[in-house]
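Asker:
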Amino acid sequence: MMASSASCRAELLQKKLFIMDMDGTLYLGKTVFPFAVRFVKNLRAAGKRVLFFTNNSSARTETYIERLKGHGFDPQPGEIMTSGDVTIEFLKRHRPGKSVYVMGTEDLLASFRAAGIDPLPEGSRQADIAVLGYDTTLTYTKLSDMCRLVRGGSEYLATHTDLTCLNEEELLPDCGAMIAFIKAMSGKEPVAFGKPNRETIGMLCEVSGCAPSEMCIFGDMLTTDIAMGKRNGITCSLLLSGETHPEQLGSLPESEAPDYVFSSLDEVDRLLFPQ
Ligand SMILES: [Mg+2]
Numbered sequence: 006m007m008a009s010s011a012s013c014r015a016e017l018l019q020k021k022l023f024i025m026d027m028d029g030t031l032y033l034g035k036t037v038f039p040f041a042v043r044f045v046k047n048l049r050a051a052g053k054r055v056l057f058f059t060n061n062s063s064a065r066t067e068t069y070i071e072r073l074k075g076h077g078f079d080p081q082p083g084e085i086m087t088s089g090d091v092t093i094e095f096l097k098r099h100r101p102g103k104s105v106y107v108m109g110t111e112d113l114l115a116s117f118r119a120a121g122i123d124p125l126p127e128g129s130r131q132a133d134i135a136v137l138g139y140d141t142t143l144t145y146t147k148l149s150d151m152c153r154l155v156r157g158g159s160e161y162l163a164t165h166t167d168l169t170c171l172n173e174e175e176l177l178p179d180c181g182a183m184i185a186f187i188k189a190m191s192g193k194e195p196v197a198f199g200k201p202n203r204e205t206i207g208m209l210c211e212v213s214g215c216a217p218s219e220m221c222i223f224g225d226m227l228t229t230d231i232a233m234g235k236r237n238g239i240t241c242s243l244l245l246s247g248e249t250h251p252e253q254l255g256s257l258p259e260s261e262a263p264d265y266v267f268s269s270l271d272e273v274d275r276l277l278f279p280q
C-alpha cells in the first residue's frame, strides 16, 4: 500500500494502458486538477495509452470529449468510454432488433440513437428491454414507465449501480438509488454494466487490444474502480482526491484492498515522472 516504493514505480511504468476514472480523479465537479492534466501529458510523452472511463451515463461520449478538451486533456474519440457506451455495445451485439425503453438524459438517448437504437417514447406500455441510466432529468412519469415495464417482464438492464455521485458541493443520488426505488415497487433488480462489471472489461480488452495484465486503473471509488481491478487482474490505484476517505481502508479484506493508494494523481505523477 506504500505509494512511494521503487517496485510500484517499476510496475506501473511497465503498463501499456492507463485507465483513468474521471470524476474525483481528473476533476471534482467543475474543478479541474491541474496535476491530472500534467500527468496525462507525461503519460503520452512516455508513449503510454490513456483511456478515460466513467460510470456516469448522464452525458454521452461527445459531451465528455468536449468537457475534457475544455479542461486541457486533449482526448481523442476512441479514448473515452462511459457505462452507457458499454450498455449500448451489449445491446448491439446480443440483443439486435429488440425494442428498448431508456430512462435517461437527452444525451444518453442521443447516444442510443447514434448507435442505431431508437428508444421507445415516454408512456410506453411494452418493451423487450428497459434500460435504467443515470437520469438527472428524472420524472415521476419515467419512474412509473420503468416500474410498469419491469413488473411486466421486460428484460431489465442498468448502465451502472453507483448509489451516489459526488459534485463539488454534495452527494447526489445516482443509478443505484433509482434501482432501489424500482426494486421497492417491482421486487426486481437489473443486470448492470459499467465498472466493475465483467462486460466492461471484455470491451476494454477488445477496444484496446491489451490484456488485463497490461492495464492499470486509477480511480477514487472502492466499489467501482478498485473492485474492477481486483476482480479482473488489473493493477489498481486508489486516489484519495474524491469519494473515499482513508478511514475506509483500515477494515478492508485483502481481496478488496487497492494495490496502491495515492493522495491524488499529483503523487502518482511525481513518482513516475520526477522532474
Ligand atoms: Mg470517480
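Each residue of the sequence shown is one higher than the last, beginning at 6 in the working numbering.
Don't be surprised by glycine CBs; every beta carbon is placed ideally from N, CA and C.
Under three-state DSSP, which class holds Ala8?
Answerer: The residue given as residue 8 occupies position 3 in the sequence shown. At Ala8 the pLDDT is 49, less than 50, meaning the model places this residue with poor confidence and gives no usable figure here.
Asker: In terms of DSSP beta bridges, what is Cys221 paired with?
Answerer: Locating residue 221 in the sequence shown gives position 216, where the first residue counts as 1. Partner(s): Phe23 and Thr240.
Asker: For Asn237 and His165, which I take to be in contact (beta-carbon distance under 8 angstroms), what is that distance rounded to the nearest angstrom?
Answerer: Position 232 of the sequence shown, counted from the start, is the residue given in the question as residue 237. Position 160 of the sequence shown, counted from the start, is the residue given in the question as residue 165. The distance from the Cβ of Asn237 to that of His165 is about 16 angstroms, inconsistent with a contact at the 8 angstroms cut-off.
Asker: Could you check how far apart the C-beta atoms of Ser246 and Ser269 are, in whole angstroms? I think they sit under 8 angstroms.
Answerer: Working through the sequence shown from its first residue, we reach residue 246 at position 241. Working through the sequence shown from its first residue, we reach residue 269 at position 264. Contact holds; Cβ gap of about 4 angstroms.
Asker: By the 10 Å Cβ neighbour count, where 16 or more other Cβ atoms means buried, how is Thr249 classified, buried or exposed?
Answerer: For the purposes of this step, residue 249 is taken as the residue at position 244 of the sequence shown. That one is buried.
Asker: Locate the alpha helix (DSSP H) running through Met190, then write down its first and last residues.
Answerer: As a first step, residue 190 must be located in the sequence shown, where it is residue number 185. Run containing Met190: Cys180 to Ser191, per the alpha helix (DSSP H) assignment.
Asker: Tell me which residues share the same chain as Thr92 and place their Cβ nearer than 7 angstroms to its Cβ, disregarding the 5 neighbours each side in the sequence.
Answerer: On the sequence shown, position 87 is the one that residue 92 refers to. So the list reads Val136, Leu162, Thr164 and Phe198, once near-sequence residues are dropped.
Asker: Within 8 angstroms, do at least three Cβ pairs link the segment 93-103 to the segment 69-79?
Answerer: no
Asker: Among residues of its own chain, excluding the 5 on either side of Leu177, which ones have a beta-carbon nearer than 6 angstroms to its beta-carbon?
Answerer: As a position in the sequence shown, residue 177 is number 172, starting the count at 1. Cys170, listed in sequence order.
Asker: Can you list, in chain order, the residues of its chain with a C-beta nearer than 7 angstroms to that of Glu204? Leave out the 5 residues immediately preceding and following it.
Answerer: Stepping through the sequence shown from its first residue, residue 204 is reached at position 199. Take Glu204, set aside five residues on each side of it, and the residues of its chain with a beta-carbon closer than 7 angstroms to its own are Val91, Phe95 and Phe198, in chain order.
Asker: Per the DSSP calculation, Met86 is bridged to which residue(s)?
Answerer: Position 81 of the sequence shown holds residue 86. Looking at the DSSP assignment, Met86 forms a beta bridge with Phe58.
Asker: Look at the alpha carbon of Met6 and the alpha carbon of Thr144, and state the distance between them as a whole number of angstroms.
Answerer: For the purposes of this step, residue 6 is taken as residue 1 along the sequence shown, with counting starting at 1. For the purposes of this step, residue 144 is taken as residue 139 along the sequence shown, with counting starting at 1. Because the pLDDT at Met6 is just 46, under 50, the model does not fix this residue reliably, and the value given afterwards should be weighed accordingly. Straight-line Cα distance between these residues: approximately 44 angstroms.
Asker: Using the beta-carbon count (16 or more within 10 Å), is Asn202 buried or exposed?
Answerer: The residue given as residue 202 occupies position 197 in the sequence shown. So Asn202 counts as buried.
Asker: For the alpha helix (DSSP H) holding Cys152, just list the boundary residues, first then last.
Answerer: Residue mapping note: residue 152 aligns to position 147 of the sequence shown, counting from 1. Tyr145 to Arg156 is the span of the alpha helix (DSSP H), which, as asked, contains Cys152.
Asker: Thr169 by DSSP, collapsed to three states: which one?
Answerer: On the sequence shown, residue 169 is found 164 positions in, with the first residue counted as 1. Strand.
Asker: How would the residue list near ligand 1 read, in chain order, if you kept each one whose beta-carbon is closer than 6 angstroms to any heavy atom?
Answerer: Asp26, Asp28, Gly29, Thr30, Gly224, Asp225, Met226 and Gly247
Asker: What residues match up with Asp28 in a beta bridge as DSSP calls it?
Answerer: On the sequence shown, residue 28 is found 23 positions in, with the first residue counted as 1. According to DSSP, Asp28 bridges with Tyr32.
Asker: Note down, one range per segment and in chain order, each beta strand (DSSP E) of at least 3 residues found wholly within the segment 115-147.
Answerer: 134-137
Asker: From Arg65, Phe40, Gly29 and Glu84, pick the residue whose C-alpha is nearest to that of Cys210; which is it?
Answerer: For the purposes of this step, residue 210 is identified with residue 205 of the sequence shown, where counting begins at 1. Closest by alpha carbon: Glu84.
Asker: Going by beta carbon distance, what residues of the same chain come within less than 8 angstroms of Ser104, once the five residues before and after it are set aside?
Answerer: Translated into the one-based positions of the sequence shown, residue 104 becomes position 99. Contacts found: Leu125, Gln131, Ala132, Asp133 and Ile134.
Asker: Please confirm whether Phe223 and Leu244 have their CB atoms less than 7 angstroms apart.
Answerer: Looking up residue 223 in the sequence shown gives position 218. Looking up residue 244 in the sequence shown gives position 239. Against a cut-off of 7 angstroms, the Cβ pair of Leu244 and Phe223 comes out as a contact.
Asker: By how many angstroms is the C-alpha of Leu17 removed from the C-alpha of Ala8?
Answerer: Your numbering for residue 8 matches position 3 in the sequence shown. Your numbering for residue 17 matches position 12 in the sequence shown. Low per-residue confidence applies at Ala8: pLDDT is 49, beneath 50, and the placement is therefore not dependable, though the value from the model is reported in the following sentence. Each residue's Cα considered, the two are about 11 angstroms apart.
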